[in-house]
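Residue numbers (the numbering used here): 13 to 501.
Even glycine gets a Cβ: it sits at the ideal position worked out from N, Cα and C.
Working notes, structure below.
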């Protein structure tokens, strides 16, 4: 464990080999297997990590199909919902503590596998989540039960009809982790809640401090992998909230250096994509449309990530490339990148980036809808609006201004309605109220383009100027300079 935490992987493997060779029982090997699974996943050896994890679970009496189908997964979720029906949060919290040692070890391994499978959203992931909840209801509460309920809620937020129930199990998870009072479990739950669940039901900014706390807590108790994924999400959420890019860049650079030193390859690979995106916006790269520079080199990175079959890194590349291309007016390239991201979105676990992907894809389709006659762009834009309406109902702080801007663009491009002017104004007001700086800048810019097209040059000039100032305020100097050069004034 010490070798792993310090990044001495070769030495760790030598120690593991000795334990597996000389240990007298399977129980004596269990902790070593936990460490091995951690290390394999941190090095992006996902299939090997899962194979070891399933072997351990089988020896602990927990069996899983190697190739689960959707019917089996749906049946498991249906059974869990029936088991939980009629149970209040208090009923769950008052369950006795589990004592079965084998099941305690099984829950520990399941918690490790949850994190690994999330990076690729493997088909077996829902079965792991269901099993954690089932074991908790059958044998009593484990330290990892809070994570089980948190990830159960995380999966439920993907269905609009289940968001209210997801909020209940989110609350159960947060209260359970306080009841157990073990630091490592708090790290697990905070990561699931504040990186995966909160953005769909609470103000996005409220996740920044808990994620930083989860990083510090994870480092203090040896949960290195969870700590660095919390650090990754701390950076990403800060960026998505519109925190000044200079501050975000410094944070990313610091965490990235630590991840390299501790050989946390998966976290570092995703972080470097966001880091290069920030550098591009700040004007610290040769080509703002390509994620190549001090943090990464786009083509080799994509080739390696696709070869490893880890869904998250390439999705993050395509998402950020589509946003950059849109911001710099290269709409055909933006559409191409967004389509590639769309092909991968089902293979990654739900984060706020999914919502942003839908938003950007809608904006791209609306921009292209002005210059082409292809009806598919109108269809994509309408789908984006429909999805944004659902998310806005439950988290207006994060999505309502996006919805209003999409509706304004749709009214301008396809409906030719007088409502567009009012919708642009509302989008600007809501983006300012919600405090998402980059979305406010985009709203000003698109409203400026609309007013110029309507022949209102005076107001358009004012709006372009406001967009330029907000991009500079955010720290996106490259985008601000580009806007000034492309401005019709």
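Leaving aside the five residues that flank residue 333 on each side, the residues in its chain whose CB is nearer than 7 Å to its CB run, in chain order, 303 and 349. Residue 231 sits in a helix when the DSSP states are folded into three classes. Judged by DSSP in its simplified three-state form, residue 318 adopts helix. The C-alpha of residue 116 lies about 7 Å from the C-alpha of residue 154.
Collapsing the DSSP output to three states places residue 301 in coil.
Around the beta-carbon of residue 498, fewer than 16 other beta-carbon atoms lie within 10 Å, marking it exposed.
Apart from sequence neighbours up to five positions away, the residues of its chain that approach residue 129 with a beta-carbon distance below 6 Å are 137, ordered along the chain. Counting of Cβ neighbours within 10 angstroms places residue 38 among the exposed residues, the total staying below 16. With at least 16 other beta carbons inside 10 angstroms of its own, residue 436 counts as buried. A direct Cα-to-Cα measurement between residue 219 and residue 166 gives close to 15 Å. The three-state secondary structure of residue 188, taken from DSSP, is helix. Assignment of residue 296 by DSSP, reduced to helix, strand and coil, places it in the coil class.
Beta-bridge analysis with DSSP links residue 109 to 153. Setting aside the 5 residues that flank it on each side, residue 177 is surrounded in the same chain by 168, each with a C-beta closer than 7 Å to its C-beta; the list follows chain order.
In terms of CA proximity to residue 182, 213 leads the group 213, 194, 152 and 172.
Annotated three-state conformation of residue 181 is helix, per DSSP. The Cβ atoms of residue 364 and residue 211 sit closer than 9 Å to each other. In this structure, the alpha-carbon of residue 488 lies about 16 Å from that of residue 264. Nearest Cα to residue 89 within the set 104, 29, 51 and 174: 174. Apart from sequence neighbours up to five positions away, the residues of its chain that approach residue 496 with a beta-carbon distance below 8 Å are 480, ordered along the chain. Going by beta carbons, residue 110 and residue 276 fall outside the 9 Å limit. Leaving aside the five residues that flank residue 328 on each side, the residues in its chain whose CB is nearer than 8 Å to its CB run, in chain order, 282, 285, 286 and 365. In the three-state reduction of the DSSP assignment, residue 326 falls in the helix class. Close CB contacts of residue 501 within its chain, under the 6 Å cut and outside five residues either way in sequence, are with 473 (chain order). Judged by beta-carbon spacing, residue 114 lies within the 9 Å limit of residue 73, meaning their Cβ atoms are closer than that value. Using a 10 angstroms sphere on the CB of residue 222, the tally of other CB atoms reaches 16 or more, which defines it as buried.
By the Cβ test, the region 398-407 is not in contact with the region 438-450, since fewer than three Cβ pairs between them sit closer than 8 Å.
Residue 388 is classed as exposed because its beta carbon has fewer than 16 other beta carbons within 10 Å across all chains shown. The three-state reading of DSSP puts residue 73 in coil, since its state is none of H, G, I, E or B. DSSP, reduced to helix, strand and coil, places residue 450 within a helical segment of the structure shown.
Note that the region 444-456 does not touch the region 423-432; fewer than 3 beta-carbon pairs, one per stretch, sit closer than 8 Å. Shown here for residue 312: not one same chain residue has a beta carbon closer than 6 Å to its own, the five before and five after excluded. Looking at the backbone, the Cα of residue 141 and that of residue 52 are separated by about 21 Å. By the criterion of a C-beta distance shorter than 6 Å, residue 310 is surrounded in its chain by 302, 303 and 304, once the five residues flanking it on both sides are discounted. Between residue 367 and residue 46, the alpha-carbon positions lie close to 34 Å from each other.
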